[in-house]
Amino acid sequence: MSSSSLDNDTGLSSPQFSEKKRRTIGKGDETILIVDDDPLIRSLLEQSLTQAGFEIIVAKDGDHALHLMKSVRVAAIVCDQKMPGMAGLEVLKTVAEIEPDVVRVLMTASPDSGVAIRAVNEGKVYQFIEKPWDEALLIQTMKGAVRQYKLVHENKTLQTLLLEKHNALTQSLKNLHQEIKMASIIHETLLVGSVPKGINGMSIEAVTVPSKGIDGDFFDFFNQGGRVFDIAVGDVMGKGITASVVGTAVKTQLLRFANPVSALYGDSEKAPMRLTPQEIVFKLSHEIADKLMRLEYFVCLIYGRFDLDRQIFSFVDCGTPGPIHFSHALQRAKYAECKNYPIGIVSPKKYAYNELSFAPNDLFVFCSDGVTEARSPEGEVFGSSRLLEIVENSARLEPKDLIELIQDTVLSFAQKDHYDDDLSLIVVRIDEGIEEGKIAKEISFSSRLEELGRLRCCLRERLREWNYSDEEFALKLELVANEVFCNIVEHGYSFKENGKIFVDIRKEKGGVCMEFFDKGDSLEPSRLIHAELSPEKSQGFGLYIIKTVCDLVEYQCKNSKQKWNRLKVLKTYPSGG
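1 is the number of the first residue of the sequence shown in the UniProt record's numbering; add one for each residue after it.
Printed below as a string of structure tokens:
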């Protein structure tokens, strides 16, 4: 490197100094500023250090040096102690304040312990050089000074870079948290369905807890019209935002097929055109299975339908643990089986389904594998049997309390305060008032024989709606309706005219089903079961007609929990309807 020629005004080779010249002349890492009032000393120092490879800038006194440092970046400064005006120690002290990274070296012809102590404490001096100096020691000292500057400067550069990276990472993390928060809101809005309230005959509670703030678990409920509604519970393989995106896409496709046609087009006057759970799952699979396989994802899904009038739950299960059905009558809980592969594993041509009958105080529990696959610290799996035991022993609890009990038990088993896997739980209880809710929509009659004409008219009107034109079939149904109604008026209400009789007339199993509800005296079921035509008996002819004409006769007596007697009859249409 070359040194700049001595200049009494600036210490630089050009009288016009600028920032550009600061960048070109004072490169910093190898530049040394020499400060001495003796031109000969300055020249000797400049010559020695230039030959050693340093870039040199010179100043004739302290003021001149400080002026140069405003525009020139240097690595080290070597300054004489005794100079007119500002002493060397004062110069170095000021440099330490304005440019603390510059390495400071003090030259003196008369070493003084007091000066040395002040130089270390105030001027933060790196080294002393005594006049006359040893050439090798001078070079060694200044190389060490430049090396020290480079090390400090590089460390600061790395610290600055690290701080910038840290700030960028902090901002990215903040942005990610914001995105996850927004994604969690979207997840709750799009994937987690609203729990239906006020369903006469049912109580429902549900919860979903993502293991990472957002997941692919979803559930929803679909009103199919009347007293029929569907439930869907899904679990996408994986966790996080990707699983949530897949879950949203699956649920979007599910909505296309789960909603009844009349609901989609807003025609409330027409009866809804419902697809069966089998048809819904098949259409969903046909739409997305191949796409999921290409993405290497799959979805476990249970899709079920509660028919409160028929008291039937029909469902299709694709890879879930299955619904738990607690029978109040049997006081037993068990998994309902209906095994199909998860959607996205294969593309089957049809799906297996199952049907379960339910009664008041029965319970249905739907859960994701986040419950059954939870693990203890020893690696033991929570398993299905523990969940069944909880449901059996605590079925008396309200759905919300049962869900909380299951959650607490799982966390206690895992000995954690959070879930390792996504968890979804839905509890559906069949209320004692299911029949009350059922008859509320049926045709109401008073317990008077004069109402028989209106009952027959209602029956004929339904048959015309369904195009049942067989007159013999219609007459047999009228005969059955007449006998049932008369039995209720005569034996149930003892001809008291203030009683209520509700009648439900509907198509079922290729024929016509009629259900009669009353609060009169109950009929002994054995009389209906063993009804026969006998000349020795003066009563029972009507019951015999009912039993003989109909293909199915069911009777349930009222009790402390069920306030209505219920008689169901079914007559199959000759041609299948």
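Idealized CB from N, CA, C, for every residue including glycine.
Model, not experiment: these values are computed from the prediction.
Mind reading off the beta-carbon distance from residue i to residue j? Whole number of angstroms is fine, and I expect it under 8 Å.
i: N340; j: C318; result: 5 Å
i: P360; j: E432; result: 5 Å
i: V91; j: V152; result: The pair is not a contact, with the Cβ atoms about 20 Å apart (cut-off 8 Å).
i: A75; j: V146; result: 5 Å
i: K519; j: G499; result: 7 Å
i: V503; j: L455; result: 7 Å
i: V489; j: C550; result: Not confirmed; about 19 Å, so no contact.
i: T320; j: V209; result: Rounded, the Cβ-Cβ distance is 17 Å, inconsistent with contact.
i: V245; j: Y297; result: 10 Å between Cβ atoms; not a contact.
i: I403; j: L387; result: Rounded, the Cβ-Cβ distance is 12 Å, inconsistent with contact.
By Cβ distance, which residues of its chain are closer than 7 Å to residue i, with the 5 residues on each side in sequence left out?
i: P574; result: D470 and F473
i: Q148; result: V103 and Y126
i: V410; result: V371, A374 and F382
i: E524; result: none
i: S522; result: C557, K558 and N565
i: F257; result: L275, I280, K283 and L284
i: S534; result: Note that S534 scores 45 on pLDDT, short of 50, meaning its location in the model is unreliable and no value can be drawn from it.
i: P84; result: D37 and D61
i: F413; result: A374, S376 and F382
Please work out which residues of its chain come closer than 8 Å, Cβ to Cβ, to residue i, disregarding the five sequence neighbours upstream and downstream, and give them in chain order.
i: Q253; result: L284, E287 and I288
i: E497; result: S446, S447 and R448
i: A52; result: I139, M142 and K143
i: D101; result: Y149, V152, H153 and K156
i: G511; result: D551, L570, K571, T572, Y573 and G577
i: R22; result: Note on R22: pLDDT 40, under 50, position unreliable in the model; the coordinate value appears next. The answer, listed in chain order, is S71, V72 and R73.
i: D309; result: G226, R227, V228, K438, D504 and R506
Kindly indicate which three-state DSSP category residue i falls into: helix, strand or coil?
i: Q127; result: strand
i: H418; result: coil
i: R274; result: coil
i: R566; result: strand
i: Y573; result: coil
i: E554; result: strand
i: V95; result: helix
i: S347; result: coil
i: I505; result: strand
i: A206; result: strand
i: D518; result: strand
i: F306; result: strand
i: G225; result: coil
i: N259; result: coil
i: D63; result: helix
i: A481; result: helix
i: K500; result: strand
i: F473; result: helix
i: N559; result: coil
i: K334; result: strand
i: S444; result: strand
i: L423; result: strand
i: F298; result: coil
i: G240; result: helix
i: R386; result: helix
i: G510; result: coil
i: residue 641; result: No answer is possible for residue 641: the residues shown for the chain start at 1 and end at 577.
Short of 6 Å in beta carbon distance, which residues of its chain neighbour residue i, apart from the five on each side in sequence? Order them along the chain.
i: V365; result: I324, V391 and V427
i: L363; result: F326, A395 and R429
i: F128; result: L106
i: C513; result: R506 and L570
i: I443; result: C458 and V503
i: V228; result: D307
i: F517; result: I439, F502, W564 and R566
i: M86; result: G62
i: T108; result: Q81
i: S268; result: The pLDDT assigned to S268 is 43, lower than 50, so where the model puts this residue is not dependable, and the model offers no usable value.
Please decide whether residue i counts as near chain D, where near means a Cβ-Cβ distance under 8 Å.
i: S447; result: In the structure shown, chain D does not exist; there is a single protein chain.
Let me check one thing: in DSSP terms, what residues is residue i bridge-paired to?
i: H328; result: Bridge partners of H328: none, in fact.
i: K339; result: D317
i: G322; result: Note: G322 sits in no beta bridge, so no partner.
i: L33; result: I57 and I77
i: N354; result: F315
i: R217; result: Residue identity check: residue 217 is Asp in the sequence provided, not Arg. According to DSSP, which records beta bridges pairwise, D217 is partnered with D235.
i: L292; result: None, per the DSSP bridge assignment.
Hey, would you say the C-beta of residue i is under 7 Å away from at least one heavy atom of the ligand ATP?
i: I426; result: Within the structure as shown, the ligand ATP is missing, as the structure has no ligands at all.
Open item on the list: Three Cβ pairs or more, each shorter than 8 Å: is that satisfied between the region 553–569 and the region 445–463?
Closed with: no
Closer than 8 Å is the cut-off here; do at least three beta carbon pairs connect the region 299–307 with the region 218–233? yes
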